[in-house]
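Which chain is which? The protein sequence lines are A and B, in order.
Here the working numbering is used: the first residue of the first sequence is 1361, the next is one more, and so on.
Here the working numbering is used: the first residue of the second sequence is 145, the next is one more, and so on.
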Amino acid sequence: MRVTVIDYKAGNLTSVLKALRHLGAEVEVTDSDLGMVAAAERIVLPGVGHFAATHRLDATGLTPAISTAIARSVPFLGICVGMQWLYAGSTEEPNQTGLGQFLQTCARFPDGPEKVPHVGWNSLKVRADSRLLAGVEEGEYVYFTHSYRAPVTENTAATANYIETFAAAVECDNVMGVQFHPEKSGETGLKILRNFLAFEPTEPAC
Amino acid sequence: MLTKRIIACLDVDAGRVVKGIQFVDIVDAGDPAELAARHAREGADEIVLLDITATHEGRQTLLDTVRRTARMLFVPFTVGGGIRSARDAEQVFDAGADKVSVNSAALADPTLIETIGRSFGAQAVIVAIDARRDPEAADPVRDAQVFVQGGRKPAGRRVVEWAREAEARGAGEILLTSMDADGTRAGFDCALTAAVSQAVSIPVIASGGAGTVAHFADVFATGKADAALAASIFHFGVSSARSLKQGLAEAGVPVRFPC
């Protein structure tokens, strides 16, 4: 299967590419090729760092291209900041809008005795009907590193708990996102990426 | 629940693991890629590869080693040692590292932390600090002296104020080595670790002095460490990350176990 990975200069792609290739995917990378996105079979939007970096998706015209691809049922996976971009925006950069597939806004963990950022392996509570997280047992661990998080809503596919319960994964038909790093989450992460690579669009259900 | 991390550390010289972790049943005990994969399989939450090579030729060997080690590793992978510029860091990231650890170079030019963080994200920059308690200081722990060049030279900085500056400049984590405890196998310096961990909001990785499972439990509880580095402990009684984590789980420490 072919996967188009979007490079918007937010951190290093090496680990994501390596994990996808390890699972047998044929990977292509673009930072501006709208034709490649138009022909994409699957799209992965990685990303670490600051939400402001997603401005590059607007500047290059990738935002409407990705929107169109999602509308024609191309499976899409956003990782970390890539997941947050699926929402209306993030308080990390209020002047930058997200794709708006999900209407909420991401915000920073509240200040308190616990450290922010949230870094390390945390356990998941997975919604039973999640297709992205099929086969992931309650309590399996994945690796997080982030200071901003999305709220829990009807589209939340998995939650984790740090300071409070937040959305660790989001899923609505072919639009999926994970706050953690599946490419750095051992066998559990590889299982999730394998599910994404095997994902076949069906009739919209959500 | 967020777990305490056990990080396996490999000291590498000219492409070979030179001390620390060895396994009796591996013939080639010195191959970093093989050892890193084994640690990950046995439950290490992360792998750190510290390059102790000082030569220019050694850097190319290091990049090859990083590439080979990263290939089959699907847990966070940090590379440190000899990273003096953003260009050095970039090469190590391109070879497959997820984070770099900077020490002397960050003390010489603290803006290096910001430069690397801007391109690769704050989470990708670990500032390593080697510190020794200063009995002369008003507070020997908080004012522990920071050393550079592998502990040979005082940097003229105090541990808590340097850790805070590193955080302010955008470090993602602190890797704190107690030079007093290092090599003693008598336990981590929990007071030093707690002083730094409570002074910053970023995670602190404790290093130096591990000898038993109880030492790890102690540095997480008393030392407020978010993670701990395990190197030579695998020589002495604790045979693997899995047995270490099993012991910690039994002691009530939240760890990724079974793993």
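Don't be surprised by glycine CBs; every beta carbon is placed ideally from N, CA and C.
Every value quoted in this text rests on a predicted model; they were computed, and no experiment measured them.
Kindly indicate the opening and closing residues of the beta strand (DSSP E) around residue i.
| i | result |
| --- | --- |
| residue 292 (chain B) | 289 to 292 |
| residue 1506 (chain A) | 1501 to 1506 |
| residue 254 (chain B) | Element bounds for residue 254 (chain B): n/a, residue is neither H nor E. |
| residue 152 (chain B) | 149 to 157 |
| residue 400 (chain B) | Premise fails: residue 400 (chain B) is in no beta strand (DSSP E) and is neither H nor E. |
| residue 373 (chain B) | 371 to 374 |
| residue 387 (chain B) | Per DSSP, residue 387 (chain B) belongs to no beta strand (DSSP E); it is in the alpha helix (DSSP H), 385 to 394. |
| residue 321 (chain B) | 317 to 322 |
| residue 193 (chain B) | 190 to 195 |
| residue 1362 (chain A) | 1362 to 1366 |
| residue 269 (chain B) | 269 to 276 |
| residue 351 (chain B) | 348 to 351 |
Taking Cβ-Cβ distances shorter than 7 angstroms, what residues in chain B pair up with residue i?
| i | result |
| --- | --- |
| residue 1521 (chain A) | 145 |
| residue 1557 (chain A) | Correct list: empty, because the minimum Cβ distance to chain B is about 15 angstroms. |
| residue 1549 (chain A) | 218 |
| residue 1421 (chain A) | Simply none; closest approach about 24 angstroms. |
Residues of chain A with CB under 8 angstroms from residue i, in chain order?
| i | result |
| --- | --- |
| residue 240 (chain B) | 1374, 1375 and 1378 |
| residue 364 (chain B) | Ordered by position in chain A, no residue passes the 8 angstroms Cβ test against residue 364 (chain B), which lies about 12 angstroms from the chain. |
| residue 370 (chain B) | 1475, 1479 and 1480 |
| residue 268 (chain B) | 1371, 1372 and 1408 |
| residue 224 (chain B) | Near residue 224 (chain B) there are no residues of chain A at all, since even the closest Cβ is about 16 angstroms away, more than 8 angstroms. |
| residue 400 (chain B) | 1481 and 1501 |
Could you list which residues in chain A have their beta carbon closer than 7 angstroms to that of residue i, in chain order?
| i | result |
| --- | --- |
| residue 220 (chain B) | 1503 and 1544 |
| residue 284 (chain B) | None at all; the shortest Cβ gap to chain A is about 25 angstroms. |
| residue 189 (chain B) | 1481 |
| residue 308 (chain B) | The premise fails here: residue 308 (chain B) is roughly 14 angstroms from chain A at the closest Cβ pair, so nothing lies under 7 angstroms. |
In the DSSP assignment, find the unbroken alpha helix (DSSP H) run with residue i in it and report its ends.
| i | result |
| --- | --- |
| residue 360 (chain B) | 357 to 365 |
| residue 1547 (chain A) | 1546 to 1558 |
| residue 310 (chain B) | 303 to 312 |
| residue 1375 (chain A) | 1374 to 1382 |
| residue 181 (chain B) | 176 to 185 |
| residue 336 (chain B) | 334 to 341 |
Run through chain B and tell me which residues come within less than 8 angstroms of residue i, C-beta to C-beta.
| i | result |
| --- | --- |
| residue 1537 (chain A) | The premise fails here: residue 1537 (chain A) is roughly 18 angstroms from chain B at the closest Cβ pair, so nothing lies under 8 angstroms. |
| residue 1442 (chain A) | Within 8 angstroms Cβ-Cβ: nothing; residue 1442 (chain A) doesn't reach chain B, min ~13 angstroms. |
Kindly list, in the order they appear in chain A, the residues whose Cβ is closer than 9 angstroms to that of residue i.
| i | result |
| --- | --- |
| residue 235 (chain B) | By Cβ distance, chain A contributes nothing, its closest Cβ being about 12 angstroms from residue 235 (chain B), past 9 angstroms. |
| residue 214 (chain B) | 1374, 1375 and 1378 |
List, in order along the chain, the chain B residues whose C-beta lies closer than 9 angstroms to that of residue i?
| i | result |
| --- | --- |
| residue 1438 (chain A) | Those within 9 angstroms of residue 1438 (chain A) in chain B number zero; the least Cβ separation is about 16 angstroms. |
Mind checking whether the beta-carbon of residue i lies closer than 7 angstroms to any heavy atom of the ligand PLP?
| i | result |
| --- | --- |
| residue 1536 (chain A) | The ligand PLP is absent from the structure shown, which contains no ligand whatsoever. |
In chain order, what are the residue ranges of uninterrupted alpha helix (DSSP H) at least 4 long that sit wholly in the stretch 1391 to 1449 of chain A? 1394 to 1398, 1415 to 1419, 1422 to 1431 and 1441 to 1444
Enumerate, from N- to C-terminal direction, the unbroken alpha helix (DSSP H) stretches of 4 or more residues contained entirely within the stretch 1453 to 1492 of chain A. none
Using a Cβ cut-off of 8 angstroms, which residues of the stretch 1458 to 1491 of chain A contact any Cβ in chain B, in chain order? 1475, 1476, 1477, 1478, 1479, 1480, 1481, 1482 and 1483
Runs of 3 residues minimum, wholly inside the stretch 1507 to 1543 of chain A: which ones carry the beta strand (DSSP E) assignment? 1516 to 1522, 1524 to 1532 and 1535 to 1538
Residues in the stretch 1381 to 1415 of chain A having any Cβ partner in chain B nearer than 7 angstroms: 1408 and 1409
At what residue ranges does the stretch 206 to 262 of chain B contain a whole run of the alpha helix (DSSP H), taking only runs of 4 or more? 230 to 238 and 248 to 252
Residues in the stretch 375 to 397 of chain B having any Cβ partner in chain A nearer than 9 angstroms: none
Count the C-beta pairs between the stretch 1404 to 1412 of chain A and the stretch 1370 to 1383 of chain A that are closer than 8 angstroms, then say yes if the count reaches three, no if not. yes
Closer than 8 angstroms is the cut-off here; do at least three beta carbon pairs connect the stretch 1489 to 1497 of chain A with the stretch 1466 to 1481 of chain A? no
According to a CB-to-CB cut-off of less than 9 angstroms, which residues of the stretch 310 to 336 of chain B neighbour chain A? 316 and 317
Indicate whether the contact test is met: 3 or more Cβ pairs, each with one atom in the stretch 1514 to 1521 of chain A and one in the stretch 1450 to 1458 of chain A, closer than 8 angstroms. no
For the stretch 146 to 158 of chain B, list every residue whose C-beta sits within 9 angstroms of some C-beta in chain A, in sequence order. 146, 147, 148 and 149
Short of 8 angstroms Cβ to Cβ, which residues in the stretch 345 to 363 of chain B face chain A? 345, 346 and 347
With three or more C-beta pairs closer than 8 angstroms as the rule, is the stretch 312 to 321 of chain B touching the stretch 343 to 362 of chain B? yes
Counting pairs of Cβ atoms below 8 angstroms between the stretch 366 to 380 of chain B and the stretch 324 to 333 of chain B, do you hit three or more? yes
What residues from the stretch 193 to 210 of chain B come within 7 angstroms of chain A, judged by C-beta to C-beta, listed N to C? none
According to a CB-to-CB cut-off of less than 9 angstroms, which residues of the stretch 244 to 269 of chain B neighbour chain A? 261, 262, 263, 264, 265, 266, 267 and 268
Meets three-Cβ-pair contact criterion under 8 angstroms: the stretch 280 to 293 of chain B and the stretch 1518 to 1533 of chain A: no
Assess, as a yes-or-no matter, whether the stretch 1420 to 1436 of chain A is touched by the stretch 1383 to 1397 of chain A under the definition of 3 or more beta carbon pairs within less than 8 angstroms. yes
Is it the case that the stretch 1534 to 1544 of chain A contacts the stretch 1433 to 1440 of chain A, given that we only count it when at least three CB pairs across the two stretches are under 8 angstroms? yes
Are three or more beta carbon pairs between the stretch 248 to 259 of chain B and the stretch 202 to 220 of chain B nearer than 8 angstroms? no
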